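Asks: Throughout the sequence shown, residue numbering follows the working numbering, covering 378 to 534 in sequence. In this text, a Cβ means the ideal position worked out from N, Cα and C, and glycines have one as well. Keep in mind that this is a model prediction, so the values were computed, not measured. If you scroll down you'll find the structure; I have some questions about it.
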Amino acid sequence: MARPKAAISACLLGERCRYDGTDNRDPKLLGKLAEYELVPFCPEDFCFGTPRPTMDLVETEEGIKAISNLTGADLTPPVQAYARRFFDEHPEIDLFIGKDRSPSCGVCSARLYNRKKQLLSSEATGLMAAEAKRRGIETWDAEDYLAAHPAPPIRGS
Ligand code: SF4
Numbered sequence: 378m379a380r381p382k383a384a385i386s387a388c389l390l391g392e393r394c395r396y397d398g399t400d401n402r403d404p405k406l407l408g409k410l411a412e413y414e415l416v417p418f419c420p421e422d423f424c425f426g427t428p429r430p431t432m433d434l435v436e437t438e439e440g441i442k443a444i445s446n447l448t449g450a451d452l453t454p455p456v457q458a459y460a461r462r463f464f465d466e467h468p469e470i471d472l473f474i475g476k477d478r479s480p481s482c483g484v485c486s487a488r489l490y491n492r493k494k495q496l497l498s499s500e501a502t503g504l505m506a507a508e509a510k511r512r513g514i515e516t517w518d519a520e521d522y523l524a525a526h527p528a529p530p531i532r533g534s
């Protein structure tokens, strides 16, 4: 029987695709996902390369946008296009695990600012996670998934 499929932020698998060329490998999380076939994604590495300047979610008159912290450019379109293409190419995804706090991958942990760089929320949804939600996929921040799926007790202890 085919295994269920989980889309997962590539940095959580150990890919060095963070903005500064590091990773967020999480062996405990990967252990919890052992029953899944993992399908990695990294919209920011694909769109902008690694290393790269950071970006933030900003509330604008036209809705929530991803704005470059280096240039102020609107980086939303390529990230949204990547997200749509990824889920179009993987219609069988059962679960989405996103890296906490990322403006692309965070499910309900991304920071949202206004134009003056004042923090509006620490529970916003990143652009890739938003596309997963729109498609009705079960979505989790990695830390929340770990907390909600504790390891079974060790027998005899
Ligand atoms: S959080 Fe998402 S965009 Fe950032 S490095 Fe990880 S996979 Fe890439």
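Measuring only from the beta carbon, is Glu520 closer than 7 Å to any heavy atom that is part of the ligand MG?
Replies: As presented, the structure is devoid of the ligand MG, carrying the ligand SF4 as its sole ligands.
Asks: Could you please give me the residues that DSSP links to Tyr490 through a beta bridge?
Replies: Within the sequence shown, numbered from 1, the residue matching residue 490 stands at position 113. Val435, Leu496, per the DSSP bridge assignment.
Asks: DSSP state of Pro454, grouped into three classes?
Replies: Position 77 of the sequence shown, counting from 1, holds the residue named residue 454. Looking at Pro454 - three-state DSSP - the assignment turns out to be helix.
Asks: Kindly identify the DSSP beta-bridge partner or partners of Lys382.
Replies: The residue you call residue 382 lines up with position 5 of the sequence shown. DSSP output for Lys382 lists Glu414 as bridge partner(s).
Asks: How would the residue list near the ligand SF4 read, in chain order, if you kept each one whose beta-carbon is closer than 5 Å to any heavy atom?
Replies: The answer, residue by residue, is Ser386, Ala387, Cys388, Cys394, Arg395, Cys419, Glu421, Lys476, Ser479, Ser481, Cys482.
Asks: Can you name, in chain order, every residue of its own chain whose Cβ lies under 6 Å from the Cβ of Glu515, other than the five neighbours on each side?
Replies: As a first step, residue 515 must be located in the sequence shown, where it is residue number 138. Correct list, in chain order: Leu472.
Asks: Given a threshold of 16 other Cβ atoms within 10 Å of its Cβ, counted over all protein chains shown, does Ala341 qualify as buried or as exposed?
Replies: What the structure shows of the chain is the stretch from 378 to 534, and residue 341 is not part of that stretch, so it cannot be assessed.
Asks: Is the separation between the beta-carbon of Met505 and that of Ala460 shorter than 8 Å?
Replies: Here residue 505 is taken as the residue at index 128 of the sequence shown, counted from 1. Here residue 460 is taken as the residue at index 83 of the sequence shown, counted from 1. Their beta carbons are under 8 Å apart, which means Met505 touches Ala460 by this criterion.
Asks: Quick check: what's the CA-CA separation for Pro480 versus Ser486?
Replies: Along the sequence shown, read from residue 1 onward, the residue named residue 480 stands at position 103. Along the sequence shown, read from residue 1 onward, the residue named residue 486 stands at position 109. When rounded, the distance between both Cα atoms is 9 Å.
Asks: Apply the 10 Å Cβ neighbour rule to Ser499 and answer buried if 16 or more other Cβ atoms are within range, or exposed otherwise.
Replies: For the purposes of this step, residue 499 is taken as the residue at position 122 of the sequence shown. Under this definition Ser499 is an exposed residue.
Asks: Less than 8 Å between the beta carbons of Ala379 and Val416, yes or no?
Replies: Residue mapping note: residue 379 aligns to position 2 of the sequence shown, counting from 1. Residue mapping note: residue 416 aligns to position 39 of the sequence shown, counting from 1. Their beta carbons are not under 8 Å apart, which means Ala379 does not touch Val416 by this criterion.
Asks: Does DSSP put Glu520 in a helix, in a strand, or in coil?
Replies: Locating residue 520 in the sequence shown gives position 143, where the first residue counts as 1. Helix at Glu520.
Asks: State the DSSP-derived secondary structure class of Leu472, mapped to helix, strand or coil.
Replies: Here residue 472 refers to the residue found at position 95 when the sequence shown is read from its first residue. Residue state, collapsed to three classes: strand.
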